[in-house]
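What follows is one structure encoded as structure tokens, with my remarks underneath.
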Amino acid sequence: MNFEAYRPKPTEGSSCDKSTFTGPHANKFLSDCPSGGCLTFAALNEALDSCEVKSDCGGVVMRPENGDLPFELRKGSQLQESPTKEHAYIKKCLTGCKYVAFSAPHGGKTLNGCLEDSCKSYNTLSAAQFVCSKLSDCSGIVAKDNTYQLRTGLELQDEEGWLTFLKVCSQEEPTRKVVAVRVSGHTGIHSFRMGMYKIASTGERNVYKHESDNYFLYYSAEDAAWALGPKPGDSNVWIYLKSEAASPDQTEGSWSYYDGDSESWIEDAGMSIEAEEVELQGVGTQIKQESPIQEKFPPSEEGMWEESFGGHRDTKPRGPAAVGMDVTYEASSHVYGLAEHASPMALKNTVGSGGYSDPYRLYNLDVFEYELDVPMALYGAIPFITSHSERGTVGAFWLNSAETFVDIKDGARGKVSHWISESGSIDLFLLLGGTPQGVIREYSRLTGFQALPQKFSLAYHQCRWNYKDEADVKAVDNGFDEHDIPYDTLWLDIEHTDGKKYFTWDSTLFPDPQRMQERLKAKGRKMVTIIDPHIKRDNGYHVHKDAEAQGLYVKDASGSKPYEGWCWPGSVSYLDFFNPKTLAYWRDKFSFEEYKGSTDILYTWNDMNEPSVFNGPEVTMKKDALHWENVEHRDVHNLYGMQVAKGTWHGQAKRLSKRPFVLTRSFFAGSQRFGAMWTGDNKAEWSHLRDSIPMLLTMGICGFPFSGADVGGFFGDPDAELLLRWYQVGAFYPFFRGHGHIDTKRREPWLFGEPWTTRIRDAIRTRYRLLPYVYTLFYEASTHGSPVMRPLWMEFPNDASVWALDNEFMLGDTILVKPVTQQGANTASVYFPDGLWYDFQTFHKFTGPKTATVKAPIEKIPTYLKGGAILTTKERARRNSVLMENDPYTIIVAVDKDGLATGSIFLDDGVSLKSDSVLVKLEFGRDTEGSWLQTKVEKNGEYTTSNTVERIVIVGLSSKSSKARIAGKDESLEVEQSQSVITIRKPDLPIASEWRIQFS
Amino acid sequence: CKGRIRGSQPSEEALYQASSFQCRDGTRKIPGSQVNDDFCDCPDGSDEPGTSACAISRYLVRPGEEELPGEHGKAQFYCVNEGHVPRYVPLSMVDDGFCDCCDGTDESEAGLCSNTCTMRAKGADGTRRKEDSVKAMAKARKADIGRAVAQVAQKLLQQQEELKARGRKIIEVASSMKDNRMAQYRLSLQLAELRDRLERNDFLLTKDLRLHLASVPTCLSTTPISEKKFAGGTKNYVAKDYVFTYCPFRHVTQVAADQRAWAESNCLARLGNASASEGSALSALKPAADYTGRIPTGDEQANGDEGAQKAKNGKQNKTEPEQQKNPTPTLLGLWDPSHWGTLSNQSQTYAVYRDPGKPCGNGARRVVNVTLKCGLKERITRVAENGMCRYEMTVETMVACLPHELPKQEPPPRKPQRHRRKSRPEPSDDWDWDEDDEGDANDEEDAEVAQTGDEEDNDDNGDDEDWFDHDEL
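Taken in sequence, the protein lines are chains Y and P. For the first sequence, position 787 (counting from the first letter as 1) is numbered 787 according to our numbering, and the numbering increases by one without interruption. The number in our numbering is simply the position in the second sequence, starting from 1, with 10000 added.
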């Protein structure tokens, strides 16, 4: 081939100064260049410009025997290294046809009429987009039989027999996303860092990670430079180039590398970065249709025996092992369950139109700033679906802890769920409960009932990442008292530890943790510290030393050494909670001797137990890591979090001989036996407040009632209105905790000033008033599995209009709550199911079924008592639940249409593991003399209490009753009447005994 | 006549002792027997000053009303606290088993609380005496401070004249170069800067806080503080320590202390299997390629070809090059004269420092609120980052002990007072308005900021010249 053809014509007056190759060989002349002419290496670029197809390469070869002018510029096949001493040392190939925007299932298919097989595949759809200049210009692919054509503009209109199945209309230049780059050319001390870098995180400028090692290619804004270093964003690097280019392949100039020996920066012109894989994304609409052409399932697919994802290799030694099955719910229109997803309560279809395009995924992950209304996986997984219709309620429980996908679609005979798990066996339980309560009871019998919590844990919890030190703890604790706001438990996040070594304390910030806890204890308060399952690999840390010595860690795929990853403390390994030895070890770690600085008011929070691995695939553990007895992590991934909480639960039980309290982020079916969960790292946005309702309703449907969402939102700063509204909703969450990220402004309830302090105080106090009732609901959950926060369809199963309603809910069977989740709202639209309802504050009456617009000014939480229910409360505000213990009760009777009502209250000491108790059943009825209220006591053991009833309020009674007396006594009780409310003043009856009040 | 009405203020006892009681909010009249009978009859809670019965929602007392919660219980429990200071405690704390009043009267259970009033009074006296003595000492030195202030003021006035003269000169030059639009533009920028500085000086001259200026001639620095301590935590593997420097009426900066030690232990934490003390051994094993270098700033890069770079950094120092100079301090804020005031109830004065430059990580701009507190020594007593890039700093200074004085002269009428500077692209350009010493000014600033990290508390007899020079920046 004649090289002359590619030689640029020397322009008069032009010089070679603009050379872009500045390495040690810059300005070297090529062998057939006229001296002083332009054929230096710079011209290589021009040669490249004339390359047309992929196979066209331009480069320079060096022939030492040529003496003074050893370099030759060549292109194409000539560039191949010859067996002689020729050495190709710069080589560039055009990558124009490697724009890969579309992959499966048609990616790479050849288009009709293509000359070059590699250049006109679907991949070049992106290239076609460049041709578009106006909005109407679309590019796309049309298909017919086995023919695919790439078309643009008007040509793209559907044509008889042709199907448009991919269409991109673009208003703007498509964005260019460089997915992978190749770093090459450096042969010095950093040569091992050369190679393929793949996108690790996206942003204004993406971060790339070496395909096998933890080297990062990123942009440092501070230095206005692209850099290759160990930590994205950091200014300490190995290699850099000052350039503000949008992507590293577009940088110009020379890279410099750091030579640790000479401690200096050295320029290396030879190093270059080229885009290896580029995606172009249009801004406009994208229409995708399924191809009319059926794909044949290939006998062996890529990824069956080994798979790479995001730079992580999964060795898959056991090969493909997926199991799947379809379950159809006859005549069903609504299915629920599949926690945990940030999606509506009624599951959406994932096949067909109108729903999600991806299946619900169950794979416990630490998701950063999760999205709403998507089926993507979150921190926990409960593979359980309940279906409800006029024909009744049934459930399906797919007991499999591997990664699982569930598709939902409308079938001919009802909703169809398609379950597929990556491995494991098919273990399917069909629950024919018939009623909503029946199904949840059967499911709870199978997986365990909600553990009955200690009463304090149902009160308000105050948390933040992080309360800084003992002085801060004291100030926050005093702040609550100064503002007369109740709280029970103060939480310490990861920073309380010494270098994130759990079971330790930072001795500077928390020099005397015991004294700090004693101070809280004196007021009846509790403390919770965080204990995560990742263990810092630090030879000075006793847990690490023990775990290494006793083999308590999860092993890597080799099975011979601990799996290592990064988490908060840096390098960590993960305790194998499937190993009975680990569980026993962990349990003993909670003893007072082992957990130094802990007292009997200290409880535990298990975070990051998905497990979270900062540098792992999808921020979790590799699937080929090995647990006890060589069980692959793949098989038990979704169970890991539950095992952690289980170990902690047993540790506390042993240490305290009281009911433990454990909060977990990750969970599985059965986790309800080990405490509470919360919905992880939500955001301080109205949408997240709204979404917390369906998320928690789903937790109740899935048999795990003890659930909450961070009040105020974890990320970001809520304004006063959002925070208040969140407290107003949070007061009805089964688990009620305020929490915030370290970067957020402090938001303790009094920090917004009046009138906000008073409003938030009222919201929190509402929870405290209701504690006797909430505790009774948890007793029901622990014996019947019934949710605490209940969807309306569970209480009103025959009212089809509530089957998908997830913006209001029932607290138990007595209180209807309509959360206000709109900014600036001062009214709310409430659906009242059949029956009578009384405003919980004014006792104003509503008759259902109807939808009413009610006033909901900023102070108001629209809450309603159900006619026919008897609510037992403690109305006196105290600084915490413990100090309320001896306070008298108030009984609120809300009568139904017939003037009747029933209720119950569960009483025990609120702390003991197996405690004696009393269940008081209250009944309000009528006989010829008039109405009466009486109690029946079901005793379980010897529990007694001297607590009395200070007030009985009867709401909605149409007939006036001005007199009341206790049966068997002559004295009449003091009765006050105001509108439709009758109040009995100081009946002073013992709550845990049988009595009867007769009205006349 | 009944005995003492529990929880009521003595002067109001008569109200409670009559045969009937009128709720303090006027809503109801109840029999006297229902006062303190452990049942709440008054919506405002006034019938139960000595029980917890009225620590409840108002609507339970007056059902059917549209009132919302939040209106309940204005009543509180009054502790006489003989020998100390009387106080009110919320009704929710009456008989809750925890002693809140020092005389123990909020708890009726016998023997639960002991009377601690005398002891507390002593403690409070001690604190007060201490405060008084500090104030007295500050007062005694008032004359000294006054002299220093007078000097400062004198200097400021003098500078004002110079600035004005310079301004006139610029106008003169500008009018002689009418055709040169580029020059005109540059001169107009200079003029704007001049105006800015004139305003700032005028402003200082009208504020009593120039006292502070006089007593703290240079900058104050903290000892290294862990980010866990001031921010509540860290996103690094190992917490970083920072030194904060406060230069009154100029700026607040922070700089990482001992970057090398931190980088090493942070790296070790990531690598694992080694405790921090094994650091040196580990670095000996590390291949040269494992060392990272700090990306040089633009200046360094500009004057460094390969060889020069080597010569400069070369073998002179065994540490990584980042250690060879102090790490660059981060500007947390420049003084913002538009936010300035006195917290009336605590007689504390605050000033705000804002970073006019690039937004911080969360899109917000850095802000430092500095609170001045009375104390004998000039020092920074507290730094907190409450929420990303929102700093609070408490500085003790003797001038905060003195009563605030009125401005001695009328502020010159200049409008608008603020804040053109914000719109400028680069804060540093902002200060070197004078063409002639442009380069020097830059260097000086770098040096000065770097030094402050080493400065300990300064004597208040600082050199006026000194701070004036800084002010030139």
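Glycine included, each C-beta is placed from N, C-alpha and C at the ideal position. Quick caveat, the model's predicted, so the values are computed rather than measured.
Residue burial classification, residue 10154 of chain P (beta-carbon count within 10 angstroms, cutoff 16)
exposed
Of the residues that make up the stretch 257-275 of chain Y, which ones have a beta carbon closer than 7 Å to any beta carbon in chain P?
258, 259, 260, 261, 262, 263, 264, 265, 266 and 267
Measuring CB atoms only, is the stretch 654-662 of chain Y touching the stretch 600-613 of chain Y, in the sense that at least three cross pairs come out at less than 8 Å?
yes
Could you pull out every residue in the same chain whose Cβ sits closer than 8 Å to the Cβ of residue 10373 of chain P, ignoring the five residues on either side in sequence?
10348, 10381, 10394, 10395, 10396, 10397 and 10400
Using a beta-carbon distance cut-off of less than 7 Å, what residues from the stretch 10360-10391 of chain P approach chain Y?
For the stretch 10360-10391 of chain P, the set of residues with a beta-carbon nearer than 7 Å to any beta-carbon of chain Y comprises 10362, 10386, 10387, 10388 and 10390, in chain order.
What is the DSSP secondary structure of residue 833 of chain Y, reduced to helix, strand or coil?
strand
Taking the Cβ atom as the reference point for each residue, do residue 10060 of chain P and residue 10077 of chain P lie within a distance shorter than 8 Å?
no
If you pair each beta-carbon of the stretch 857-864 of chain Y with each one of the stretch 815-830 of chain Y, do three or more pairs fall below 8 Å?
yes
Interface residues of chain Y around residue 10238 of chain P at Cβ under 8 Å?
499 and 570
By the 8 Å beta-carbon criterion, what residues does the stretch 10113-10146 of chain P contribute toward chain Y?
none
On the DSSP letters alone, give me the boundaries of the beta strand (DSSP E) that residue 783 of chain Y sits inside.
No beta strand (DSSP E) contains residue 783 of chain Y, which is instead part of the alpha helix (DSSP H) from 771-784.
Mind listing which residues of the stretch 960-979 of chain Y have their C-beta closer than 7 Å to chain P's C-betas, in chain order?
978 and 979
Minimum Cβ-Cβ distance from residue 853 of chain Y to chain P less than 8 Å:
no
Which residues in chain P have a C-beta closer than 9 Å to the C-beta of residue 465 of chain Y? List them in chain order.
10232 and 10233
Is residue 10182 of chain P buried or exposed, if buried means 16 or more other CB atoms sit within 10 Å of its CB?
Residue environment for residue 10182 of chain P: exposed (fewer than 16 other C-beta atoms within 10 angstroms of its C-beta).
Is DSSP giving residue 952 of chain Y helix, strand or coil here?
strand
Express the C-alpha separation of residue 804 of chain Y and residue 891 of chain Y in angstroms, rounding to a whole number.
33 Å
Less than 8 Å between CB atoms is the rule here; does residue 10393 of chain P satisfy it with respect to chain Y?
no
Residue 10093 of chain P versus chain Y: which residues are under 9 Å apart at the beta carbon?
Those are 481, 484, 878, 879 and 883, listed as they occur along chain Y.
Nearest to residue 520 of chain Y (by Cα), restricted to the options Y/880, Y/966, Y/921 and Y/974:
When C-alpha distances from residue 520 of chain Y are compared across Y/880, Y/966, Y/921 and Y/974, the shortest belongs to Y/880.
Close Cβ partners of residue 504 of chain Y (< 6 Å) along its chain, the five nearest in sequence each way excluded:
The residues are 497 and 498.
Members of the stretch 10016-10044 of chain P near chain Y, C-beta cut-off 7 Å
Answer set for the stretch 10016-10044 of chain P: 10039.
Evaluate residue 646 of chain Y with the Cβ neighbour count: other Cβ atoms within 10 Å of its Cβ, from every protein chain shown; 16 or more gives buried, anything less gives exposed.
buried
Kindly indicate which three-state DSSP category residue 10171 of chain P falls into: helix, strand or coil?
helix
Could you confirm whether any beta carbon from chain P is found closer than 8 Å to the beta carbon of residue 455 of chain Y?
no
Within 10 angstroms of the Cβ of residue 701 of chain Y, are there 16 or more other Cβ atoms? Answer buried if so, exposed if not.
Per the 10 Å Cβ criterion, buried.
In the DSSP assignment, find the unbroken beta strand (DSSP E) run with residue 267 of chain Y in it and report its ends.
264-268
Cα-Cα separation between residue 873 of chain Y and residue 595 of chain Y, rounded to whole angstroms
38 Å
Express the C-alpha separation of residue 10328 of chain P and residue 211 of chain Y in angstroms, rounding to a whole number.
Rounded to whole angstroms, residue 211 of chain Y and residue 10328 of chain P show a C-alpha spacing of 33 Å.
Assuming contact is defined by CB atoms lying nearer than 8 Å, are residue 566 of chain Y and residue 10233 of chain P in contact in what I supplied?
For residue 566 of chain Y and residue 10233 of chain P, no; Cβs fall outside 8 Å.
So that I know if they touch, is there some Cβ in chain Y lying closer than 8 Å to that of residue 10171 of chain P?
no
Mind checking the stretch 10096-10112 of chain P against chain Y and listing, in chain order, the residues whose C-beta falls within less than 7 Å of any C-beta there?
Residues of the stretch 10096-10112 of chain P with a C-beta less than 7 Å from any C-beta of chain Y: 10096, 10097 and 10098, listed in chain order.
At a Cβ cut of 8 Å, what residues of the stretch 934-952 of chain Y count as close to chain P, listed as they run along the chain?
950 and 951
Those residues which DSSP pairs with residue 10182 of chain P across a bridge:
Bridge partners of residue 10182 of chain P: none, in fact.
If you draw a straight line from the C-alpha of residue 822 of chain Y to the C-alpha of residue 547 of chain Y, how long is it?
50 Å
CB contact check: residue 744 of chain Y to chain P, cutoff 8 Å
yes
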